[in-house]
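Participant:
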Amino acid sequence: MAALQLLLNGVALGAAYALVALGFVLVLNATSAVNFAQGDLVMAGGLLAVALAPLIPLPDALPGIVLLPLVLVLMAGLGLLLALAAYLPLRRRPPVSVFISTIAVGIILQNGAAILFGPEPRAAPPLIGDGTLRLGGLAVPEQSLAIVAVAALLIGAQQWLFARTQLGRRLRATAQDPEMARACGVPVTAMILVTFAIAAACAGAAGLLLANRYFVTPTAGGDLILKAYIAVTVGGWGSVPGAVVGALLIALFEVGVSSILSYPAALGALYLTLLAILVLRPQGLFGEAVRRRG
Amino acid sequence: MRRTRPLPSILRAAIVSAIAASSVAVSPGAARADDTLSFPVLVPLTGFLSLEGTSQRNGAVLALKQTPAGVAIASEVVDTGTSPEAAVTALERAAGDGKVGAVAASMLGTQLLAMLPLAAEMKLPLVTVSGTASITEQGNPWVFRFFPGDAVTKAAHARYVVEELGKRRPAVIYQTTAYGQSGKQHLDAAFKALGVTPVFEEGVDPAAKDLLPVLSKALAAKPDVLVLHLHSGPTALLLKQAATSGVDLPIVAGSAMHQPSTAALLEPAELKGVCAETAASPISGGSPEIEAFTDSYRTAFGKDPDAFALGQYDGMTMVLEAVKAGARSPEAIRKALSAESFQGLAMTYKSDGKGNMAHSAVIVCYDGTSRVPKLVKRYDDPAIAAK
Amino acid sequence: MAERRSDAAASPPRGGGVLAGGALALLAYALLYASPYGLRVLTVAGVYALAAFGFQIVFGLGGALSLAQGAFFGVGAYVTGILGSRYGLGFEATFPLSLLAPLLLALPVGLAVLRLASHYFALATLGIAQVLHLLAVNLPDLTGGANGLAGVPGVVLFGHAVARGLPMAVLVWGLVALGGLVGWLLARGRFGRSLTALRDDPLAAGTLGLDVGRLRLAAFAASALFGGAAGALAVHTQRVVSPEVLEFPVMVSILTIAIVGGRGRMAGAMLGAVLLLHLPEWFRFLERGYLVVYGGALLLTVLVAPDGLTGLIDRAAGRLWGRRPHRLPAASAPPRFPAGGLAVEGLGKSFGGVHAVDGVSLELTPGTITGLIGPNGSGKSTVINLLSGLERPDAGHVVLAGRAVTGARADRLARAGLARSFQAAALPEGAGVLEAVAAARLAFDADARQAEAHARWALDRLGVGDLAAQSCDGLPAALRRRVELARAVVRRPAVLLLDEPAAGLTDGEKAELSTLLRGLTGEGTAILLVEHDMGFLLPLAGRVLCLDRGRVIYDGPAAGVRQDGAVAAAYLGTAVPA
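Chains as they are written, first to last, in UniProt numbering: chain A, 1 to 294; chain B, 1 to 387; chain C, 1 to 578.
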């Protein structure tokens with residue numbers, strides 16, 4: 001029963017990490033650039049939810065779910081800004097330039113948030129409710145269910161978008177070969193902007209969900225970007241299912257392995273497992289989805 | 001090299017404007033004369049200790065508003081981040097800025113340890129609220145700690161658990177940071193002195209999101225009390241998870257619990273029965289002076305003060321008292337701090353010869369109806385038991 | 001600080017003078033104007049410059065995104081910290097050990113993870129760094145735990161204490177100057193150019209005879225030495241060592257310094273370090289806001305100077321004073337490989353169950369041209385890839401100049417006298433023509449200058465000697481092909497594999513190519529010529545093989561190809577009766 005409880009917590013955490021990694025991998029696919037500000041976007045999404053919560057003129061019952069679309073829209077706008085300021089001017093440059101420009105944006109976000117909100121940890125409102133369901137011996141926080149549901153919904157929506165819609169086909173074409181896509185009449189710049197918007201919206205959702213159960217501070221982004229980076233690399237650079245599995249793997253180590261070993265030992269084991277995976281499967285667990293372009 | 005030739009001049013311009021800006025901010029209208037004493041505030045405002053560092057800053061800034069008559073005072077707040085390198089650079093910078101009386105120095109143990117040798121060379125007193133035991137064990141006469149060290153607080157922590165609650169099987173969960181490791185070491189010593197061996201001890205990384213694994217393991221060891229020594233966010237996280245899992249053991253947390261921002265993350269009901277050690281709890285009141293301090297702190301900064309703010313406030317006030325009494329040099333201030341006794345808001349401060357000024361700790365508890373804890377036990381110099 | 005751009009030999013701009021002037025200005029500032037605080041910031045900048053030198057070698061030149069540079073920095077710091085505070089050892093003992101320890105770490109780690117590509121390599125090196133950080137935090141008996149170790153002494157050199165302030169700044173910047181000089185010499189020499197070739201195209205680098213693994217390992221080891229030195233000096237300036245030196249932000253700083261300064265440039269590392277360490281200090285008066293401004297300034301710098309500060313200075317200097325004509329070395333003929341043939345027996349390779357090459361046997365005799373034809377997808381390119389070591393054969397035997405070389409790596413084959421050209425000329429972007437051709441001699445010549453002299457000879461021989469000072473970018477396709485061919489010819493190999501060298505050439509150019517190839521066979525070279533153009537191929541080749549679906553369907557004199565029914569059927573797509 002204890003193991004089941006841990007599994008439940010691990011899946012909830014992994015689902016949130018998957019949303020973080022998803023935004024990262026989308027930008028990676030569309031631009032072959034590493035968006036180092038992704039973790040700070042998650043933090044910004046969390047603090048945005050904290051800031052907006054008192055403005056919603058509703059009883060405390062449903063704030064999170066009302067906030068979610070608002071946060072998604074505002075964060076998508078922030079994603080557009082990020083693309084305009086830190087990606088588009090550098091698109092003809094080696095990807096490492098974007099790495100640095102997004103580091104700069106991350107520094108601005110992190111310290112801007114610290115000035116606006118102060119250093120205190122904050123909690124965002126729960127998505128639906130703050131209660132805990134008792135199922136047999138299991139304590140199931142409603143928020144954990146909400147995290148898994150929202151993550152599954154957003155990941156599913158994205159799969160649908162990419163697989164079934166005209167926009168998705170254009171986004172995929174841009175990700176595979178921007179030059180070829182442009183030649184075929186795809187508005188590549190617009191597609192890249194859309195990708196950044198979706199990625200930032202994912203970060204916003206992750207931020208809102210994480211900031212309720214695990215709180216949010218202006219410095220929270222650094223740890224999240226490391227985890228997203230690990231998840232995406234382990235899963236296979238650019239593979240979306242790989243990123244989701246990578247995120248679940250990290251959560252499994254954090255929750256599962258640390259329940260057997262100590263937390264630092266579990267972290268060490270995670271990195272040693274990573275090294276083993278890399279040596280045994282040099283292209284990640286799911287193979288490489290994007291060919292390197294730079 | 002077009003880009004770097006103007007570097008020195010820009011640098012100098014920046015320093016000059018920095019000094020100008022900050023001295024105007026802290027002592028409005030005070031023209032900078034040669035006898036202006038400056039009291040730089042070098043604390044972590046960014047990074048993982050920014051919460052505590054901001055309290056430190058606010059306490060110091062509030063204290064420095066009480067300019068003694070006839071003395072011009074300047075101050076500048078500089079962020080030290082989390083690296084020793086930044087702390088040392090900030091100290092060097094501050095020392096070059098006019099005549100320094102004393103420095104409000106970072107409570108991050110590693111940073112203070114790095115500042116110590118330089119402060120000794122420059123002969124500048126460092127006033128801090130760091131709990132890290134080793135800062136006063138370096139034989140350095142320039143450090144003054146206005147917060148009980150871990151030897152004091154952890155002795156109070158352990159004694160409350162054993163003597164007041166009558167528990168013999170504590171499970172200890174601590175943070176794998178300087179704060180956590182130093183506290184854990186002193187908890188071990190204090191429990192040992194009381195003849196108690198913790199049934200469980202484990203460190204947790206501050207980045208850990210889900211604390212259920214460590215909580216489950218702790219519960220599996222069949223403890224009769226949970227003893228925490230975690231930072232603010234993780235303390236709240238663990239309490240929340242304990243409430244979710246229906247844990248009904250008593251919980252005695254470390255000083256981070258008393259910070260109002262920790263309690264703000266939890267519902268009052270989730271706090272029921274939780275206690276914490278700290279140097280003081282200004283929001284709990286206790287005397288008209290403390291209430292006045294809390295009010296002016298709220299007015300100035302729009303948030304509730306904690307013990308770090310109060311400790312730093314007391315420390316800088318003692319420094320200003322020395323200035324009022326005629327101390328005009330760092331050496332004179334050092335002498336006053338090491339010899340005098342000072343009745344501060346939190347307690348009476350007196351150096352033990354090593355720079356430990358604070359020797360009292362308190363235990364506060366939450367009753368489940370509000371986020372303001374009640375003072376339940378005061379320990380003056382509890383460390384004897386641990387020695 | 002003066003540095004000539006090593007990877008743009010075409011016509012280096014005059015940034016060097018500006019940089020040297022800047023170095024003098026900085027020196028004057030340090031000696032005459034700087035406060036103790038200014039000197040400390042400058043000292044720390046020097047420490048980071050030293051760490052960034054190593055990163056410039058492994059990443060800037062070698063293209064391997066090593067996130068272990070911060071870890072090497074931290075290991076150097078801990079060695080000095082532990083030995084200095086616990087055992088009271090002096091600088092003359094701790095400093096070399098702080099270089100040695102990261103090196104001893106880099107060698108086994110490097111061997112294990114060097115074959116990983118780009119981001120997998122980055123993650124693996126990051127993993128190493130994170131494990132070290134965990135150890136530092138959780139082994140308090142050795143490292144002092146999260147609190148670290150206090151009481152690290154300042155630098156004591158043979159009994160003389162180096163005081164903080166000017167003496168320490170002089171020591172650090174003296175080591176920076178020394179390290180920068182070493183790094184600069186490495187960068188512009190054979191080693192640096194080999195690394196650049198490797199960065200631009202690891203596959204092609206192998207076929208040029210460069211041992212990719214060994215070069216990467218050497219670069220990784222060099223970066224460890226620089227990282228360790230910087231870490232040791234960092235601990236001496238801050239006098240404590242704590243896990244903070246192993247944290248990711250240190251790595252990010254080093255990376256940022258290298259890119260903002262100018263990728264692959266030692267002067268860039270210094271400029272970047274001086275700028276990035278001073279930048280936050282200029283905005284200190286904003287209290288908490290200074291980092292927002294710092295982030296904004298960093299973003300602006302990357303946008304304004306995407307090639308780094310050194311790139312910006314070069315461009316500005318180039319515009320002001322024009323470009324300095326590059327002094328080209330006199331052409332000299334490289335030595336010829338002794339003649340030797342290639343014998344292939346039963347070569348086979350399948351990809352996912354498809355037989356791309358199936359039982360191919362052929363013999364290349366010195367002084368002859370053998371043609372290899374076949375419809376698209378018949379396995380011609382795979383044969384060349386197998387013979388040049390880019391793919392490993394599943395079956396068969398290969399003997400090169402009398403030595404069994406079956407399954408040998410590309411660089412071994414190249415050094416044994418085999419050269420190849422690529423169908424799509426793989427010239428490095430941004431490189432000069434002379435430099436691109438000289439890269440093919442780096443594994444053979446004593447130094448870069450000699451390689452360039454040989455490259456001039458090859459360009460002259462290909463009739464494009466006047467291109468030497470130009471950049472590869474923007475060359476018309478026909479000229480690119482000649483430069484590509486020059487990269488093969490400059491090696492004067494025993495065996496030469498050419499993948500469609502005549503595609504897209506005019507008749508006149510084809511005639512010139514024929515003359516060239518005949519000249520090469522006259523010198524004893526054995527040539528395998530993959531070609532579609534029968535009018536070009538058949539007069540040249542003595543013997544021709546035709547492939548279809550990986551199998552040899554014709555092997556005989558060139559004259560018989562046109563009459564062969566199986567060949568005609570393969571080209572026309574009709575099934576060949578078995």
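Glycine included, each C-beta is placed from N, C-alpha and C at the ideal position.
#1: Could you tell me which whole beta strand (DSSP E) segments of length 3 or greater appear in the region 300 to 370 of chain C?
#2: Run down chain A in chain order and give the residues with a C-beta less than 7 Å from the C-beta of K209/B.
#3: Going along chain A, which residues have a C-beta under 7 Å from S261/B?
#4: Between the C-alpha atoms of F55/C and N376/C, what's the straight-line distance to the nearest angstrom?
#5: Going by other Cβ atoms of all chains shown within 10 Å of its Cβ, with 16 needed for buried, is G302/B buried or exposed?
#6: Residues of chain A with a CB under 7 Å from the CB of A124/C: which are they?
#7: Mapping the DSSP letters down to three states, classify V398/C as helix, strand or coil.
#8: Is the CB of G233/B under 7 Å away from at least one CB in chain A?
#9: Anything in the region 60 to 89 of chain A with a Cβ closer than 8 Å to a Cβ of chain C? List those residues in chain order, please.
#10: Between S101/A and chain C, is there a C-beta pair that is closer than 7 Å?
#11: Decide if the region 200 to 207 of chain C is in contact with the region 86 to 106 of chain C; the criterion is three or more beta carbon pairs, one per stretch, under 8 Å apart.
#12: Using a Cβ-Cβ cut-off of 7 Å, state whether D223/A counts as contacting chain B.
#13: Is it right to say W321/C is buried, meaning 16 or more other beta carbons lie within 10 angstroms of its own, or is it exposed?
#14: If you drop the 5 nearest sequence neighbours on each side, which residues of the same chain put their C-beta closer than 8 Å to that of A197/C?
#15: Using a Cβ-Cβ cutoff of less than 7 Å, which residues in the same chain neighbour G47/B once the five nearest sequence positions on both sides are dropped?
#16: Between L113/B and chain C, is the shortest Cβ-Cβ distance under 7 Å, so that the two count as touching?
#17: Between the alpha carbons of A362/C and G417/C, how many angstroms are there, rounded?
#18: Have a look at the DSSP bridge pairing and note the partners of Y554/C.
#19: For A161/C, count neighbouring Cβ atoms within 10 angstroms of its own Cβ and tell me buried if that reaches 16, exposed if not.
#20: Against chain A, with Cβ distances strictly below 7 Å, would E85/B count as a contact?
#21: If the cut-off is 8 Å on Cβ atoms, which residues from the region 122 to 145 of chain A count as contacting chain C, listed in chain order?
#22: When the distance is taken between beta carbons, is A77/C closer than 7 Å to A234/C?
#23: My understanding is that L434/C touches E452/C, with C-beta atoms under 8 Å, so please give their C-beta distance in whole angstroms.
#24: Output needed in chain order: residues of the region 188 to 215 of chain B with a Cβ under 8 Å from some Cβ in chain A.
#25: By alpha-carbon positions, which one of L540/C, G550/C, Q450/C and E244/C ends up nearest to A114/B?
#26: Could you name the residues of chain B that L6/A contacts, counting a contact when the two beta carbons are closer than 9 Å?
#27: Indicate whether at least one CB of chain B lies closer than 7 Å to the CB of G145/C.
#28: My parser needs the alpha helix (DSSP H) runs of 4 or more residues fully inside the region 435 to 464 of chain C; what are they?
#29: Any beta carbon from chain B within less than 7 Å of A2/A's own beta carbon?
#30: Please list, in chain order, the chain A residues whose beta carbon lies closer than 8 Å to that of L237/B.
#31: Relative to the ligand FMN, is the shortest distance from any of its heavy atoms to the C-beta of G221/A smaller than 6 Å?
#32: Assign H160/C to one of three DSSP states: helix, strand, or coil.
#33: Given this structure, state the Cα-to-Cα distance separating G389/C from G256/A, to the nearest angstrom.
#34: May I ask which residues mark the beginning and end of the alpha helix (DSSP H) holding Q5/A?
#35: So, does the region 138 to 150 of chain B touch the region 306 to 320 of chain B, judging by three or more C-beta pairs under 8 Å?
#36: Which runs of the beta strand (DSSP E) at least 3 residues long sit entirely within the region 116 to 196 of chain B? Give them in chain order.
Facilitator: To lay it out plainly:
#1: Entirely contained in the region 300 to 370 of chain C, the beta strand (DSSP E) runs reaching 3 residues are, in chain order, 342 to 351 and 354 to 364.
#2: Within the second sequence, the letter at position 209 stands for residue 209/B. Near K209/B (Cβ distances below 7 Å), the residues of chain A are L13, Y214 and E254.
#3: Mapped onto the second sequence, residue 261/B falls at position 261. Result: E120 and P121.
#4: Taking the first residue of the third sequence as 1, we reach residue 55/C at position 55. Taking the first residue of the third sequence as 1, we reach residue 376/C at position 376. In a straight line, the C-alpha of F55/C is about 44 Å away from that of N376/C.
#5: Translated into positions along the second sequence, residue 302/B becomes position 302. Its Cβ having fewer than 16 others within 10 Å, G302/B is exposed.
#6: If you number the third sequence from 1, residue 124/C lands on position 124. Within 7 Å Cβ-Cβ: L275 and L278.
#7: Residue numbering aside, residue 398/C sits at position 398 when the third sequence is read from its first letter. Strand at V398/C.
#8: Reading the second sequence from its first residue, position 233 is the one you call residue 233/B. For G233/B, the answer is yes, since a Cβ of chain A falls inside 7 Å of its Cβ.
#9: For the region 60 to 89 of chain A, which is checked against every Cβ of chain C, the residues closer than 8 Å are A85, A86 and P89.
#10: By one-based count along the first sequence, residue 101/A stands at place 101. S101/A counts as touching chain C.
#11: The region 200 to 207 of chain C vs the region 86 to 106 of chain C: no contact.
#12: Position 223 of the first sequence, counted from the start, is the residue given in the question as residue 223/A. The C-beta of D223/A comes closer than 7 Å to at least one C-beta of chain B.
#13: The residue you call residue 321/C lines up with position 321 of the third sequence. The residue in question, W321/C, is exposed, as its Cβ has fewer than 16 Cβ neighbours within 10 Å.
#14: Looking up residue 197/C in the third sequence gives position 197. Counting only Cβ-Cβ distances below 8 Å, and skipping sequence neighbours, we find A204, A205, L208, L210, P428, A439 and L442.
#15: Along the second sequence, one-based indexing puts residue 47/B at 47. If we look at G47/B and ignore the five residues flanking it on each side, its Cβ neighbours are G81 and T82.
#16: Locating residue 113/B in the second sequence gives position 113, counting from the first residue. Yes, its Cβ sits closer than 7 Å to a Cβ of chain C.
#17: Stepping through the third sequence from its first residue, residue 362/C is reached at position 362. Stepping through the third sequence from its first residue, residue 417/C is reached at position 417. The sequence shown places Leu at residue 362/C, not Ala. Their Cα atoms are separated by approximately 18 Å.
#18: Here the question's residue 554/C lines up with position 554 in the third sequence. In the DSSP assignment, Y554/C is bridged to C546/C.
#19: Taking the third sequence and counting its residues from 1, one reaches residue 161/C at position 161. A161/C comes out exposed.
#20: Working through the second sequence from its first residue, we reach residue 85/B at position 85. No, E85/B does not count as interfacial toward chain A.
#21: Only those residues of the region 122 to 145 of chain A whose C-beta falls short of 8 Å from the nearest C-beta of chain C would be listed, and there are none.
#22: Numbered from 1 along the third sequence, position 234 holds the residue referred to as residue 234/C. Numbered from 1 along the third sequence, position 77 holds the residue referred to as residue 77/C. Cβ distance < 7 Å, so A234/C and A77/C count as in contact.
#23: Stepping through the third sequence from its first residue, residue 434/C is reached at position 434. Stepping through the third sequence from its first residue, residue 452/C is reached at position 452. About 6 Å; that satisfies the 8 Å criterion.
#24: Result list: E202, G203, V204, D205, A207, A208, K209, D210, L212, P213 and V214.
#25: Position 114 of the second sequence, counting from 1, holds the residue named residue 114/B. The shortest C-alpha separation from A114/B is found at E244/C.
#26: For the purposes of this step, residue 6/A is taken as the residue at position 6 of the first sequence. The contacting residues are D210, L212, P213 and S216.
#27: Along the third sequence, one-based indexing puts residue 145/C at 145. Put simply, the CB of G145/C is near chain B, with a gap under 7 Å to one of its CB atoms.
#28: Those alpha helix (DSSP H) runs which fall completely within the region 435 to 464 of chain C and span 4+ residues are 448 to 461.
#29: Here the question's residue 2/A lines up with position 2 in the first sequence. Chain B has a Cβ within less than 7 Å of the Cβ of A2/A.
#30: In the second sequence, counting from the first residue as 1, residue 237/B sits at position 237. Ordered by position in chain A, the residues that pass the 8 Å Cβ test against L237/B are Y214 and F215.
#31: In terms of ligand content, the structure shown is empty, and the ligand FMN therefore cannot be addressed.
#32: Locating residue 160/C in the third sequence gives position 160, where the first residue counts as 1. Strand at H160/C.
#33: Here residue 389/C refers to the residue found at position 389 when the third sequence is read from its first residue. Here residue 256/A refers to the residue found at position 256 when the first sequence is read from its first residue. Looking at the two C-alpha atoms, the distance is approximately 45 Å.
#34: For the purposes of this step, residue 5/A is identified with residue 5 of the first sequence, where counting begins at 1. First-last of the alpha helix (DSSP H) with Q5/A: A2 to T31.
#35: In short, these stretches touch, since the Cβ pair count reaches three.
#36: The qualifying runs are 126 to 128, 143 to 145 and 170 to 175.
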